[in-house]
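Those sequence lines, one after another, are chains A and B. Residue 437 in the UniProt record's numbering sits at position 437 of the first sequence; the count goes up by one each step and never skips. Residue 23 in the UniProt record's numbering sits at position 23 of the second sequence; the count goes up by one each step and never skips. Here the structure comes first, spelled out in C-alpha cells, and everything after it is commentary.
2 protein chains.
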Amino acid sequence: MSTTLNSCAGKAIGRFISKPKSFPSDGFPLRPGFHRSGFSVKLQPHRTFSSSRICQTRTSEMSKKDVASLKVSQERLVGDIHHTAQWGTGKSWGDGPTEKGLSRLSLTPSDASVRKWFISTTEALGCTTTVDEMGNIFTVRPGLNNDLPPVYAGSHLDSQPTGGRYDGILGVLAGVEMLRCLNEGWVETEGPVGVVNWTNEEGARFPISMLSSAVWSGTIPLSTAHSLRSVIPASDTATVKSSLESINFLGSTPCSYTATPMAAHFELHIEQGPHLVSSKRKIGIVKGVQSYKWFTITVTGRDCHTGTTSFEHRADALVAASRMIVQSHRSAAGKGALASTGIVKVEPGSTNTVPGTVRFSLDVRAAHDTVVDAVEQELKEDFAAIAAGEDVDGLAAGGVKGIPCEVEWQTDSISPAVDFHEDCIRCVEEASEGLFGTQNLEKLTMKMVSGAGHDSVETSKRVPTSMIFVPCRGGVSHHPAEYCAPEDCAVGAQVLLGSVVGYDRLRAEKVKEGSV
Amino acid sequence: MSTTLNSCAGKAIGRFISKPKSFPSDGFPLRPGFHRSGFSVKLQPHRTFSSSRICQTRTSEMSKKDVASLKVSQERLVGDIHHTAQWGTGKSWGDGPTEKGLSRLSLTPSDASVRKWFISTTEALGCTTTVDEMGNIFTVRPGLNNDLPPVYAGSHLDSQPTGGRYDGILGVLAGVEMLRCLNEGWVETEGPVGVVNWTNEEGARFPISMLSSAVWSGTIPLSTAHSLRSVIPASDTATVKSSLESINFLGSTPCSYTATPMAAHFELHIEQGPHLVSSKRKIGIVKGVQSYKWFTITVTGRDCHTGTTSFEHRADALVAASRMIVQSHRSAAGKGALASTGIVKVEPGSTNTVPGTVRFSLDVRAAHDTVVDAVEQELKEDFAAIAAGEDVDGLAAGGVKGIPCEVEWQTDSISPAVDFHEDCIRCVEEASEGLFGTQNLEKLTMKMVSGAGHDSVETSKRVPTSMIFVPCRGGVSHHPAEYCAPEDCAVGAQVLLGSVVGYDRLRAEKVKEGSV
C-alpha cells in the first residue's frame, strides 16, 4: 500500500487534546494505537500517513516545542514501577507499601511474570514482539517507513538479589510510557521505535553482566552464554538455556545485531552514584563509559604464629596487602582515576596466625584507557617494592622490615572506554533543553561519563547509543533502599521520549539527505 | 611400711651400667621398674629405700654430674614420635615414611588410640594412672615419699586438623622417655614424678585452647567445658562430655588442682617461632608467657558502586581498615610489641562494590601487660582518627578525604603476662648447664618469653611451672611440615629430665629445711 497524504484538522484543547471518544471507520484496516493526530493548532495541517486514513503527526514536522509538549505521566510511570514490583518483591526499607526493594533474578518465575506483563502491555499499545535466543524482548511500534530499523529505548527488568526497584526497571518502563505518550499524542514516527528488555544484565544469577546485549553485539558467543550456570546457592543448577526453556522465553530469532537491527539505543538509568544528587542536577547527559580493568592480586608471604614470630621474621602478606590497598588509593587519586578493592581473602584466616596468603580484587577506572594503564603501571612497580619490604611513599616508615613477600597480578577483565555517539548525545541534550529551557540547561544537567557498565556499552559497539542518568537518593543502588523520586523518574522518561523522537527526526533528515 | 636404708654396692660399667639380667627375689613385693640402683662408682655407697630391698639411687644424693649423666635415648624418643603418629596420620610434606603431619583432633578415635598407648606404656614402666572428668591423664611413678605431690612433665597429645608431629606430642613423649631413663638409671625420686596429658589443648575441635588445664586450674567451670560443642564441620555435633564418654575417657576423679595436686609442672615444647633456629641456640629457657589481648575491630562505612562514586563521596571501610592495619604494625613496632591481623571479613564482597563493612581481628602481644595496654590505647586514638579521615602519620597523604567511617572495638580475650616460677626456671637452666657445660650455656641457650599460650599458663596459676623450648624448622608449627630434628628432640628431653630431677632434689632440700 502506498503512502497517501490527506488533510486533517487537529482538535486543539490547550497544549493537549483529549482523545476522541470514537474513531472514524471507513472500512480501512486500522493499526491499533495509530488513530488520530492530536496536536496544537500551531502545527502544520495534520495529515494521515501510511496505510492509516486517520490524522497523525509526523515527527519530522514537529517543532522542538511540539516534541517537548509530549508529556509523560508521572503517575502512570510510577504506578507501573510499583505494580511490576509485585513480581520479586524484596526487603522492606520503610513502612510504606512501596518502600521495598526488588529481588528479581534473571529468568526466574518472577522475571517470567514481569516479561509477560511487558509483552501484553506493549502489544495492547500496538506493538509487535520479537523474542530472541537469549530471551531478549524487542517490542516495536511501527513507523512510517518500516524498512528502517527501530530506534530503541532499552534496559533490563532483572535485579540483584537484594536490589531496588529502579536499576534497569526505570529504563524499560519509561520506554513503555514513551509508547503510551506517542499513542496519546497521535505521533507517527518516521521509522519504527521500540523498547528492548535485555536478559541478565545484572550478572547476578548467571555471572556475566550485560550477558545478552553482549551476545547481541557479537562480544560473547551464544553457546558460552547458553551454557552459563547459575551461581545462586540453594541447589539452583540451571543454565541460561534451561532457564529460558523453563520459563518459555527461548525465542527462535537469532540473538544478533543483524537479526534484530537497531537504528539507535537510548537507555534511561539511575546514576548509581552521588554526583547528580550532590550537585542538585536533574539529568546526566552520558557521553560515554569509563575505561576499567579488573585484577586479582595475590600476595604470598608465610604463615606463622602471631605470638612467637617477631616482625623481623615475618613475611606478613596482610601488612603488605594493606599497604598496597592504601597505595592504590593514592596512585589513582594522583591521576584523577578510581581504584577500589571490594574482595579480600586472607589465608589461613585465624586470629593467631600471620596470614601467608592474601588475595584481593583491584578495580581501576578512569575516563580514558591511558589513565587506567598509567595507574596499572605505577601500581605494578609500587606493589613489587612493597612486597620486597621497601618503603614506598612512607608506608613502611615506623615499621619493621621483615622477610620479603611475593606479589602476582592477574588481569580478570579489560573494558576500554566507550564514547557514545555524538548524534545520540545531542538528542539527549536537546531533549533536556526542550524540557528545562536553554537558560536552565547548564544548571540542571551535567555531561558525565558512566562509571558502571550498562547494556548500552554493548549496543554502542554496533549502533549509535547514549544514556540518560537521573539522580538516585544518596547515590545508592544494588540495595533495597535504592530510590528515585517520582518527579525524577518522570523527568528522565520525558528526556528519553524526547531523545527517541529527536533521533527519529534526525534520521528523517538523514534519509532525506540520502545519508542513511 | 617405714623407710629402710641398706648398703648396696653399685656395679659400674663406664658412665652407665647394664641392667642385671635377673633380679633378686626374697619374698618382698617388688614395684615394677624399681629394682636396682646402677650408678657411677664415684657415688656414695648405694642403698635401697622405701619398701624395696633393691639398690636404687636417691636423687638428693646425686651430684649435678650424675643428673646430667642420665641419658635419654634419641632413637627411642623419636621412635615413639613416629610410632604414635600412626594414630591420626596427616598430610605428607615429603617422600619419607615419617614425612607426614598429624591430624589428631581431641577425643576422636585416633586420640583414644594414642591415649591407650600412653597408659599401657607408662603402666608397664611402673606408673599408676588417674583419668579425671576432663579426660586428663596423670601417670605417676612413685617416689620415696608418696605423700608429696608429683613433679610433672606435661603437655598434650592432640593436634590441629593439619598439624605436625611435635607440637605437644614431644612434651608428653619426652615425659615417657624420662620415666624410662629413671627406671634405666635406677633412680628413686624423693617424691613421685609423673607425666600428664592434657585434653584439647589445641582448641581445634572444641574451641577453647588449653581447655582442660584451665578446668584443672579453676579458670573454666567443668560444666562449661563439658557442654562445649565441636566446631569441626561434617556433622560432628559432639560435646566434650559426649566425646569423653564415647571414647571411654570420662574419668571419675574431679578435674581440679586439689584432686590431682602437683608439686611442679615442666613442659617441653617446640618453640613455634624462629628465634632459636635463627640464633642457632638449642634450648629456650622460658621465663614466662607474653601478655596478649585479642580484639575484633569493625569499620563501618557505606557500600557504593566502584565505578560511579568518586573518592570524595565514599565512606570506604576497607581503605580505612587497611590504614589501621598498617598503623597497628607501626604502633606495636614502636613499643617493642607485636600486632597482627589474621582475619579480615569484607562486606558485601564484590569486585565493583566499595565495602561498607570490614571486620578484622587484632592480636596485640608484649612481654608486659602495660605495653599491650599502651598499644591498645594508642591504636584506639589512631583508629578513630583514621576512621574520621584524618591523616595519621602520613597514611592519608596523597589520598582524597571521603566521608567518615565509624570504628568499633570489641575485646575478645585478655591474657595477662605470666611469670614462671624462679625455682623451675633455675632447674631448667641448671639442667641445660649440666648438658652443655657452663662455658656453652650462654651460647646454646636463650632466656625467652613464650609468645603462645600453653597448658603451663594454666598450671602456673596453681603450682611452680616452667617450660623448655627446642628449635623447630623455620619456626613453623600448626602445619604438616612442622619438624624438630631428632637431636633437638633428644636435647629437649634431656633438659626436661634434668629439670624434673633437679626439682625433685630441690624439694628434698626444702622438705629437709621444713619449708614444704
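Beta carbons: idealized from backbone N, C-alpha and C, even for Gly. No experiment lies behind these values; they were computed from the predicted model shown.
If we cut at 8 Å on Cβ distances, does B:Q290 have a partner in chain E? In the displayed structure, chain E is absent; the protein chains listed are A and B.
Taking 8 Å as the cut-off, does the region 433-442 of chain B touch the region 127-147 of chain B (at least 3 CB pairs, one atom from each stretch)? no
Determine whether the beta carbon atoms of A:A397 and A:G389 lie at a separation below 8 Å. no
Closer than 8 Å between beta carbons: that is the criterion. Which residues of the region 267-278 of chain A meet it against chain B? E271, Q272, G273, P274, H275, S278
Quick one: is A:T308 near chain B, going by C-beta distance under 8 Å? yes
Proximal chain B residues relative to A:W294, where beta-carbon distance stays under 9 Å: T351, N352
Taking 8 Å as the cut-off, does the region 467-482 of chain B touch the region 232-252 of chain B (at least 3 CB pairs, one atom from each stretch)? no
Buried or exposed for A:N146, please, with buried defined as at least 16 other CB atoms from any protein chain shown within 10 angstroms of its CB. exposed
Which residues of chain B have a Cβ atom closer than 7 Å to the Cβ of A:H82, listed in chain order? Result: empty, since nearest Cβ-Cβ is about 24 Å, beyond 7 Å.
Who are the neighbours of B:P355 on chain A, taking C-beta pairs under 7 Å? G342
Going by alpha carbons, who is nearest to A:K287 out of A:V326, A:S460, A:F206, A:G185? A:S460
Along chain A, in chain order, which residues have C-beta atoms closer than 8 Å to that of B:A385? Ordered by position in chain A, no residue passes the 8 Å Cβ test against B:A385, which lies about 15 Å from the chain.
Taking any Cβ of chain A, which residues in the region 431-442 of chain B have a Cβ under 9 Å from it, in chain order? none
Can you check which of these residues, B:M448, B:H305, B:V240, is closest to B:A367 by C-alpha distance? B:M448
Under the three-state DSSP convention, the category B:C427 falls into: helix
Against chain A, which members of the region 320-340 of chain B pass a CB distance test of less than 7 Å? S322, R323, I325, V326, H329, R330, A333, G334, L338, S340
Can you list the residues of chain B that A:R76 reaches, using a CB-CB cut of under 8 Å? Simply none; closest approach about 28 Å.
Let's test the definition: count the other Cβ atoms within 10 Å of the Cβ of A:D412 and tell me whether it reaches 16, buried, or not, exposed. exposed
My output table needs one value for A:L170: the three-state DSSP class, helix, strand or coil. helix
Cα-Cα separation, B:S60 to B:G143: 12 Å
Around the C-beta of B:G191, are 16 or more other C-beta atoms found within 10 angstroms, so that it is buried, or is it exposed? buried
Please report the residue range of the alpha helix (DSSP H) in which B:M324 lies. 317-334
Count the other C-beta atoms from every protein chain shown that fall within 10 angstroms of the C-beta of B:I414, then say buried if there are 16 or more, exposed otherwise. exposed
State the CB to CB distance for the pair A:H226 and A:W198, rounded to an integer number of angstroms; the pair is presumed to be in contact (CB under 8 Å). Not confirmed; about 16 Å, so no contact.
So B:T296 packs on B:S361, CB below 8 Å; how close in whole Å? 6 Å
When DSSP labels each residue in this structure, what does A:R58 get in the three-state scheme? strand
Please classify B:Q377: is it buried, with 16 or more other beta-carbons within 10 angstroms of its beta-carbon, or exposed? exposed
With DSSP as the reference, label A:Y292 as helix, strand or coil. strand
So which residues of chain A does B:T477 contact, with C-beta pairs closer than 7 Å? For the sequence presented, residue 477 of chain B should be read as Ser rather than Thr. Within 7 Å Cβ-Cβ: H305.
Per DSSP, what kind of secondary structure is B:P45 in: helix, strand or coil? Note that B:P45 scores a pLDDT of 34, beneath 50, so its modelled location is shaky and nothing firm can be said.
Presumed contact (8 Å Cβ cut-off) between residue 539 of chain B and B:R314, rounded CB distance: Any property of residue 539 of chain B remains undetermined from this structure, which presents chain B solely from 1 to 516.
Using the Cα positions of B:R115 and A:L318, report the straight-line distance between them to the nearest angstrom. 39 Å
Any C-beta of chain A within less than 7 Å: which residues of the region 222-238 of chain B qualify? none
Alpha-carbon spacing of A:V299 relative to A:L276, whole angstroms: 38 Å
Any C-beta of chain B under 8 Å from that of A:N197: no
Would you call A:G502 buried or exposed, if buried means 16 or more other Cβ atoms sit within 10 Å of its Cβ? buried
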